[in-house]
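Residue numbers (my numbering): 291 to 469. A quick write-up on the structure given underneath.
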């Protein structure tokens with residue numbers, strides 16, 4: 291349903307804690323999972339998250355991104371050689387610099403729009419973007435996760451997996467997907 295819906299969808303996955311049947315906007319923050327691609331999905335996700343934040347009385351947004359999201363399989367396999375490991379380290383350093391700049395710019399843009407933020411998290415270690423987001427959500431005690439959903443269909447799901455789908459399954463916090 292979430293993959294095809296034209297409107298945001300709230301999902302309570304199997305790990306959502308019974309004591310938290312709905313987000314407690316009085317505490318924590320709203321975690322916003324971003325993929326930092328130029329396809330416009332982040333803009334829709336941030337727009338929705340900003341509106342939700344303001345409707346909830348100015349709950350701060352925490353932007354979360356994982357460098358592992360979308361890592362090409364060739365790069366993942368590059369660790370098997372010394373040269374490959376060096377290239378991977380260089381690539382990760384370049385990607386981290388670009389991601390940090392993009393996240394800082396998004397925080398600045400949100401601030402200009404009077405949307406409160408509590409900063410950003412850039413994960414460089416987790417093998418899964420969903421796992422990285424879940425860890426950040428747990429650490430920061432976020433009340434809700436907001437994630438973009440590209441709706442790429444069954445072919446994309448078969449080859450790339452779905453971060454939002456994996457988030458719904460792994461998260462102990464409710465997840466809203468935005469398409």
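Cβ atoms here follow ideal geometry from the backbone N, Cα and C, with glycine treated the same way.
Sequence-distant residues of its chain with Cβ nearer than 8 Å to residue i (five each side left out)
i	result
residue 386	357, 412, 414
residue 340	351, 400, 403, 405
residue 371	none
residue 426	321, 352, 354, 411, 413, 432
Rounded distance between the beta-carbons of residue j and residue i, thought under 8 Å
i	j	result
residue 302	residue 322	Not a contact, Cβ separation roughly 18 Å.
Own chain partners of residue i with C-beta closer than 7 Å, once the 5 adjacent residues on each side are dropped
i	result
residue 459	303, 304
residue 298	338, 466, 467, 468
residue 333	none
residue 300	464, 466
residue 311	Only weak support exists for where residue 311 lies, its pLDDT of 45 falling under 50; the coordinates are left without a value.
Contact under 7 Å by Cβ, residue i with residue j
i	j	result
residue 457	residue 422	no
residue 467	residue 437	yes
residue 397	residue 381	no
residue 389	residue 355	yes
residue 452	residue 424	no
Neighbourhood of residue i by C-beta, 6 Å cutoff - its chain only, sequence neighbours within 5 removed
i	result
residue 448	Its pLDDT being 45, under 50, residue 448 is placed unreliably in this model, and the value from its coordinates should be taken loosely. Around residue 448: no qualifying Cβ.
Nearest candidate by alpha-carbon position, reference residue i, set the options
i	options	result
residue 428	327, 306, 373, 390	306
residue 296	318, 335, 327	335
residue 392	300, 318, 327	327
residue 318	408, 454, 455	408
task = Determine contact between the region 415-435 and the region 392-406, defined as no fewer than three beta-carbon pairs at a distance below 8 Å.
result = Using a Cβ-Cβ distance cut-off of 8 Å, the region 415-435 and the region 392-406 are not in contact, since fewer than three pairs of beta carbons, one from each stretch, lie closer than that value.
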